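*Asks:*
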Amino acid sequence: MIEDILSIKTLAEEDVKKADDLGTIQSIRIKYLGKKGILTDRIKSLSSIPKAERAEYGCVINETKDYIERIITQREEEFKTSELGTLLKARHIDVTVPGNFVPCGHNHPTSNVLEEIIDVFVSLGFRVEDGPEVELDYYNFEALNIPKDHPARDMQDTFYITDDIVLRTHTSPVQVRVMERDKPPIRVIAPGKVYRCDTDVSHTPMFHQIEGFMVDEHISMGDLKGVLEMFIHAVFGANTKVRFRPSFFPFTEPSAEIDIGCLICKGRGCKVCKNSGWVEILGAGMINPRVFEMVGYNPESYTGFAFGMGIERITMLKYGIDDIRLFFENDKRFLEQF
Ligand code: PHE
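Note that the working numbering gives residue 182 to position 166 of the sequence shown, counting from 1, and the numbers run on in steps of one.
1) Sorted by chain position, which residues of the same chain lie with C-beta nearer than 7 Å to ILE88's C-beta, five sequence neighbours on each side aside?
2) By the DSSP assignment, the beta strand (DSSP E) with GLU269 in it spans what residues?
3) Can you tell me whether THR268 is buried or exposed, with buried defined as 16 or more other CB within 10 angstroms of its CB?
4) Does HIS234 pass the burial test, meaning 16 or more other C-beta atoms within 10 Å, or should it be called exposed?
5) Using only the alpha-carbon positions, how far apart do GLU145 and THR112 sit?
6) Mapping DSSP to helix, strand and coil, what is ILE248?
7) For GLU196, does the count of other Cβ atoms within 10 angstroms reach 16, so buried, or fall short, so exposed?
8) With a cut-off of 8 Å on the beta carbons, I'd call LYS344 and THR215 a contact; round off their distance for me.
9) Using DSSP's beta-bridge definition, name the partner residues of ASP232.
10) I want to know whether the region 221–233 touches the region 255–267 - three or more CB-CB distances under 8 Å.
11) Would you check if the distance between the CB atom of VAL194 and the CB atom of TYR155 is smaller than 7 Å?
12) Rounded to a whole number of angstroms, what is the C-alpha to C-alpha distance between LEU62 and ARG91?
13) Using alpha carbons as the reference points, say which of ILE330, ASN161, GLY312 and LYS241 lies closest to ASN304.
14) Which one or two residues does DSSP pair with SER263 in a beta bridge?
15) Taking 8 Å as the limit between beta carbons, can you name the residues of its chain near HIS224, skipping five residues before and five after?
16) Below 7 Å between beta carbons: does that hold for THR187 and GLU151?
17) Determine the DSSP secondary structure at MET222, reduced to helix, strand or coil.
18) Taking C-alpha atoms, which residue in ALA300, THR80, MET302 and ARG284 lies nearest to TRP294?
19) Is GLY141 helix, strand or coil when you go by DSSP?
20) Taking GLU85 as part of the alpha helix (DSSP H), name the residues at either end of that continuous run.
21) Let me check understanding here. Comparing Cα to Cα, which of ILE65, ARG306 and ASP275 lies closest to LEU333?
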């Protein structure tokens, strides 16, 4: 009987030795130690053994059981560790390998400059408004003191939709729309698309402008100068020279064109500034009392300034771009530089 147990021990030893994976070792455990296992079976029959031999026999069975249990568990552990090792090797991540490049788009240069300009004016207390691109002749011209047969209409090459409806030629109609609706004090900027029937290196049929205006009691040309100088220094650098030059717009009086010292040649004279050392960047002036009358403001009580500029023009000067058409050709070699 003892021999029987010892042969079970040898068989189990051989099985464990032969096992080559975790699954097999687990079935070996069931084979010998499971509920219906070979050794379990012998333990169950212990009661039928004559009393005299039972103690010794029981002792051998127990020892064998512990032994088999031990060699199985040991082998099991070995398999578990090596499986973990294989798993770790298979899933190994080399964090030093350079990543895959994922191309990512970005804003158009005019959008970036527009954002920058808006930020400057918002920091000065201006709020952003917009208006329609398909505009009534009344807002685009008449309410801005440009009557139908006025020669000033020739300053802008207008796309007419009907006799009374145009594609807006500038953002100035937003001045009229806002003033018709709101009472002073007003501090507004109005960016957007404008349209003119014109095309060459510095003109495209559609471009962007930003309008700005401020209306209150006692607003003076000094306020206009202060605001525009702050803006120019913020966008072009604190050392940029600024010059106000007398000009004419029907909706402002007096009117001025604002030049900055040429950024390309630093004022020495070059192609961009046509050897003058100065480049024009925007139009401005004190809002004409006639415009106030059109929107129902009392020109005796209020004064205000207005200005308007082309975003593409500002972007060209800021980055030294010499052809406005580049902005609209969608050539990635150009756009990726910004
Ligand atoms: N609207 C003018 C233009 O398009 C610019 C301007 C705006 C001038 C406001 C004076 C005041 O040329």
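For every residue, glycine included, the Cβ atom is placed at its ideal position computed from N, Cα and C.
These figures come from a predicted structure and were not determined experimentally.
*Replies:* Looking at the coordinates:
1) Along the sequence shown, one-based indexing puts residue 88 at 72. Once the five neighbours on either side are set aside, the close Cβ partners of ILE88 are VAL32, ILE41, ILE44 and ARG45.
2) Start at 1 with the first residue of the sequence shown, and residue 269 comes out as number 253. Counting along the chain, the beta strand (DSSP E) containing GLU269 begins and ends at 268–277.
3) Locating residue 268 in the sequence shown gives position 252, counting from the first residue. With 16 or more Cβ atoms within 10 Å of its Cβ, THR268 is classed as buried.
4) As a working mapping, residue 234 is identified with position 218 in the sequence shown. By the neighbour-count rule (16 or more Cβ atoms within 10 Å), HIS234 is not buried but exposed.
5) Along the sequence shown, read from residue 1 onward, the residue named residue 145 stands at position 129. Along the sequence shown, read from residue 1 onward, the residue named residue 112 stands at position 96. Approximately 50 Å, taken between the alpha carbons.
6) The residue you call residue 248 lines up with position 232 of the sequence shown. Here ILE248 sits in helix by DSSP.
7) Counted from its first residue, the sequence shown places residue 196 at position 180. Per the 10 Å Cβ criterion, exposed.
8) Locating residue 344 in the sequence shown gives position 328, where the first residue counts as 1. Locating residue 215 in the sequence shown gives position 199, where the first residue counts as 1. As written in the sequence, residue 344 is Phe, which differs from the Lys given in the question. Actually they are not in contact, since the Cβ atoms of PHE344 and THR215 sit about 10 Å apart, beyond 8 Å.
9) Position 216 of the sequence shown, counted from the first residue, corresponds to residue 232. Looking at the DSSP assignment, ASP232 forms a beta bridge with THR319.
10) no
11) Residue 194 sits at position 178 when you count from the first residue of the sequence shown. Residue 155 sits at position 139 when you count from the first residue of the sequence shown. Cβ atoms of VAL194 and TYR155: not closer than 7 Å.
12) Position 46 of the sequence shown, counting from 1, holds the residue named residue 62. Position 75 of the sequence shown, counting from 1, holds the residue named residue 91. Cα to Cα, LEU62 sits roughly 29 Å from ARG91.
13) Translated into the one-based positions of the sequence shown, residue 304 becomes position 288. Nearest of ILE330, ASN161, GLY312 and LYS241 to ASN304, Cα basis: ASN161.
14) Within the sequence shown, residue 263 is the residue found at index 247, counting from 1. SER263 is bridged to SER271.
15) Within the sequence shown, residue 224 is the residue found at index 208, counting from 1. So the qualifying residues of the chain are THR126, LEU130, PRO207, GLY208, LYS209, VAL210, GLY326, ILE327 and GLU328.
16) Position 171 of the sequence shown, counted from the first residue, corresponds to residue 187. Position 135 of the sequence shown, counted from the first residue, corresponds to residue 151. No, the pair does not count as a contact, with Cβ atoms beyond the cut-off.
17) What you label residue 222 is simply residue 206 of the sequence shown in a count that begins at 1. Of the three classes helix, strand and coil, the one that applies to MET222 here is strand, per DSSP.
18) In the sequence shown, the residue the question calls residue 294 occupies position 278. The shortest Cα separation from TRP294 among ALA300, THR80, MET302 and ARG284 belongs to ARG284.
19) For the purposes of this step, residue 141 is taken as residue 125 along the sequence shown, with counting starting at 1. Three-state result, GLY141: coil.
20) On the sequence shown, position 69 is the one that residue 85 refers to. Looking at the DSSP string, the run of the alpha helix (DSSP H) that includes GLU85 is 67–106.
21) For the purposes of this step, residue 333 is taken as the residue at position 317 of the sequence shown. Ranking the options by Cα distance to LEU333, first place goes to ASP275.
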